[in-house]
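Single-structure report; data block below.
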Amino acid sequence: MVAALAALTTVVLATAAAVAPAAAQLKITITPGQPFTPMPIAVPGFSGDPQLGAEVSRIVAQDLKASGYFAPVDPAAYLDKVVGAGEMPNWNNWRPLNVQALIAGTVSDQGGQIVAQVRVWDVATGQQLVGQQFATSRDNIRRLAHIVADAAYSQLTGFKGMFDSRVAFVDETGPKNARVKRLAIMDWDGQGVRYLTRGQELVLTPRFSPTSQQVAYMSYGQGDPKVFILNVNNGARQLVGDFPSMTFSPRFSPDGGRLLFSLQKEGDANLYVMDLASRQVRPMTQGAAIDTSPSYSPDGSQIVFESDRGGSQQLYVMGADGSNPRRISFGSGRYSTPVWSPDPDNNYIAFTKQDGGSFKIGVMRPDGSGERILTEGYHNEGPTWSPNGRYVMFFRESGGPSGGPGLWLADVTGNVLTQIRTPAFASDPAWSSLLK
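If you want it as structure tokens, here you go:
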């Protein structure tokens, strides 16, 4: 249940046994434009409660494999099927398998509370890299596993975690010419899908608040499309201004206190910003053009947006007060749906590019330099960043009368491409920040 998400505690475990320090800690090296080989790892069953231990270790292995940076060794090859957090692994049983990192743990039910102790080991040196304990309620077991995976991922890559997060998206069912579109939410890996609307209205472009469990989205029922904010914890919904014409393409500021959106008037669309506390609205752009798909920089000082003011869809960056708009996309084709990475250390803008009969997902620097295409195909669109700024999720449309959209994941190096399975067709993903 959503209300139980806060009931999770973490403590650091002492080193299991005295070991000689390694000359250099085990780390995977990932460089954009350079091929790499995923790190071989082992995630045997966790000791303690057999059912819970098996479930947690399975989810951890799935998370790490889906990241594209790790290659879990087939459990059938394990000589030790279960390894607990309180024991020193038998390295002779792991080194012949070319395992570089071993993730071991113990999961137990202690009076209705689930306690997991986890250790990550460098197999070559016998050095403990991570030792932590997590406690939560039984209905939080999947989240607990994602947090364990984040701890291992962070240690072995040097990047922030991303697995303890959620994705809002548009669930699509029914025939292609009469799709029912519902706002839905799920764990990052496609599990735990929960529907937030009933499909009585067309919903598009959900966007998570960076600071709360709120989602802004466009709803098209009777009359003009309007922007709403939905609290995913309690289902409360509020209208973002009763404007006399179409509002669309919402996006929260990094502090969650403001909302950018497009407002259409007489065929043109300009960007507006609303202070959510005072409900005061002011224009950000003006002119005879369609300005849409705004996204703040991580520090809130700049905004990237899409505009046809120059004759075709291109990307522009301006100050957060609307000053000094400047074009940053100069490649061939049309650019759209820009979104700024939430990680200031990985300062990229992701975008959709339509060029040469295909749709491409790419990234570029805020000044337009360093453009790289991560993937392309029949129809790719709607990128959204992982909380750590290392991955872009997007939707890819399959052709044919029975085709439809599905969610995919690419990393910023262009070496990873993974499908995120959902119960039905899915589009317009929006990745949350890490849960708290």
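All the letters of the sequence shown, read from the start, carry residue numbers -24 to -1, 1 to 412 under mature numbering (1 follows the signal peptide of the UniProt record, and there is no 0).
From the three backbone atoms N, C-alpha and C, an ideal C-beta is built for every residue, glycine too.
The model shown is predicted, which means the values in this text are computed figures rather than measured ones.
Identity of the residues DSSP links to residue i by a beta bridge
i: residue 381; result: 373
i: residue 18; result: 78
i: residue 270; result: Paired residues: none, contrary to the question.
i: residue 351; result: 337
i: residue 161; result: 144, 170
i: residue 227; result: 236
i: residue 86; result: 89
i: residue 246; result: 239
i: residue 178; result: 196
i: residue 98; result: 77, 103
i: residue 150; result: Answer is none; residue 150 lacks a bridge partner.
i: residue 300; result: According to DSSP, residue 300 bridges with nothing at all.
i: residue 289; result: DSSP lists no partner for residue 289.
i: residue 48; result: 17
Residue i versus residue j - alpha carbon distance
i: residue 417; j: residue 316; result: Any answer about residue 417 is impossible in this case: the structure gives the chain only from -24 up to 412.
i: residue -2; j: residue 265; result: Caution applies to residue -2, whose pLDDT of 41 falls short of 50 and renders its modelled position unreliable; the value that the coordinates give is listed next. Distance between the alpha carbons of residue -2 and residue 265 is about 59 Å.
i: residue 241; j: residue 399; result: 38 Å
i: residue 192; j: residue 227; result: 7 Å
i: residue 237; j: residue 284; result: 16 Å
i: residue 356; j: residue 67; result: 45 Å
i: residue 96; j: residue 130; result: 11 Å
i: residue 89; j: residue 411; result: 20 Å
i: residue 185; j: residue 230; result: 8 Å
i: residue 394; j: residue 29; result: 26 Å
i: residue 199; j: residue 160; result: 23 Å
i: residue 49; j: residue 331; result: 40 Å
i: residue 32; j: residue 163; result: 15 Å
i: residue 116; j: residue 179; result: 29 Å
i: residue 408; j: residue 52; result: 35 Å
i: residue 298; j: residue 213; result: 29 Å
i: residue 370; j: residue 386; result: 8 Å
i: residue 58; j: residue 372; result: 39 Å
i: residue 171; j: residue 72; result: 47 Å
i: residue 147; j: residue 379; result: 14 Å
i: residue -4; j: residue 318; result: The predicted model places residue -4 with a pLDDT of 41, which falls under 50 and marks its position as unreliable, so this point remains unresolved.
i: residue 165; j: residue 190; result: 20 Å
i: residue 296; j: residue 279; result: 6 Å
i: residue 141; j: residue 267; result: 30 Å
i: residue 392; j: residue 70; result: 27 Å
i: residue 156; j: residue 197; result: 12 Å
i: residue 282; j: residue 107; result: 46 Å
i: residue -18; j: residue 76; result: Because the pLDDT at residue -18 is just 49, under 50, the model does not fix this residue reliably, and the point stays unresolved.
i: residue 218; j: residue 202; result: 8 Å
i: residue 365; j: residue 323; result: 8 Å
i: residue 340; j: residue 353; result: 19 Å
i: residue 308; j: residue 39; result: 36 Å
i: residue 424; j: residue 374; result: Because residue 424 is not part of the residues shown, which for the chain are -24 to 412, the question remains open.
i: residue 235; j: residue 183; result: 10 Å
i: residue 210; j: residue 103; result: 45 Å
i: residue 206; j: residue 74; result: 48 Å
i: residue 397; j: residue 169; result: 11 Å
Nearest candidate by alpha-carbon position, reference residue i, set the options
i: residue 248; options: 270, 101, 377, 200; result: 270
i: residue 81; options: 74, 91, 254; result: 91
i: residue 403; options: 174, 359, 78, 168; result: 359
i: residue 3; options: 45, 287, 19, 278; result: 45
i: residue 27; options: 138, 84, 410, 42; result: 84
i: residue 351; options: 294, 344, 368; result: 368
i: residue 294; options: 74, 250, 203, 262; result: 262
i: residue 37; options: 125, 71, 56; result: 125
i: residue 244; options: 223, 235, 208; result: 223
i: residue 34; options: 79, 56, 12, 380; result: 79
i: residue 221; options: 310, 246, 209, 208; result: 246
i: residue 149; options: 336, 86, 119, 381; result: 381
i: residue 416; options: 1, 40, 143, 167; result: Absent from the structure is residue 416, since the part of the chain shown begins at -24 and ends at 412.
i: residue 154; options: 388, 377, 383, 390; result: 377
i: residue 7; options: 388, 259, 354, 396; result: 388
i: residue 384; options: 42, 5, 307, 11; result: 42
i: residue 301; options: 291, 307, 55; result: 291
i: residue 122; options: 322, 167, 158; result: 167
i: residue 321; options: 314, 342, 310; result: 342
i: residue 361; options: 10, 139, 74, 158; result: 139
i: residue 314; options: 56, 181, 169; result: 181
Anticipated Cβ contact below 8 Å, residue i with residue j, distance rounded
i: residue 254; j: residue 289; result: That belief does not hold up - the Cβ atoms of residue 254 and residue 289 are roughly 33 Å apart, past 8 Å.
i: residue 326; j: residue 145; result: At roughly 16 Å, the Cβ-Cβ gap does not stay under 8 Å, so residue 326 and residue 145 are not in contact.
i: residue 233; j: residue 252; result: 6 Å
i: residue 304; j: residue 346; result: Going by Cβ atoms, the distance from residue 304 to residue 346 rounds to 11 Å, so no, they are not a contact pair.
i: residue 127; j: residue 94; result: 7 Å
i: residue 338; j: residue 348; result: 6 Å
Closer than 9 Å to chain D by CB, residue i
i: residue 160; result: Note that chain D does not occur in the displayed structure, where there is just one protein chain.
Open item on the list: If contact is defined by three or more beta carbon pairs under 8 Å, each pair taking one atom from either stretch, is the region 47 to 64 in contact with the region 9 to 25?
Closed with: yes
Open item on the list: Whether or not the region 124 to 137 and the region 173 to 180 are in contact is what I'm after, with contact meaning three or more pairs of Cβ atoms, one per stretch, closer than 8 Å; do they touch?
Closed with: no
Open item on the list: I'd like to know if the region 107 to 118 and the region 11 to 20 are in contact, where contact means that at least 3 CB-CB pairs between them fall below 8 Å.
Closed with: Contact annotation: the region 107 to 118 does not touch the region 11 to 20, with fewer than three C-beta pairs closer than 8 Å.
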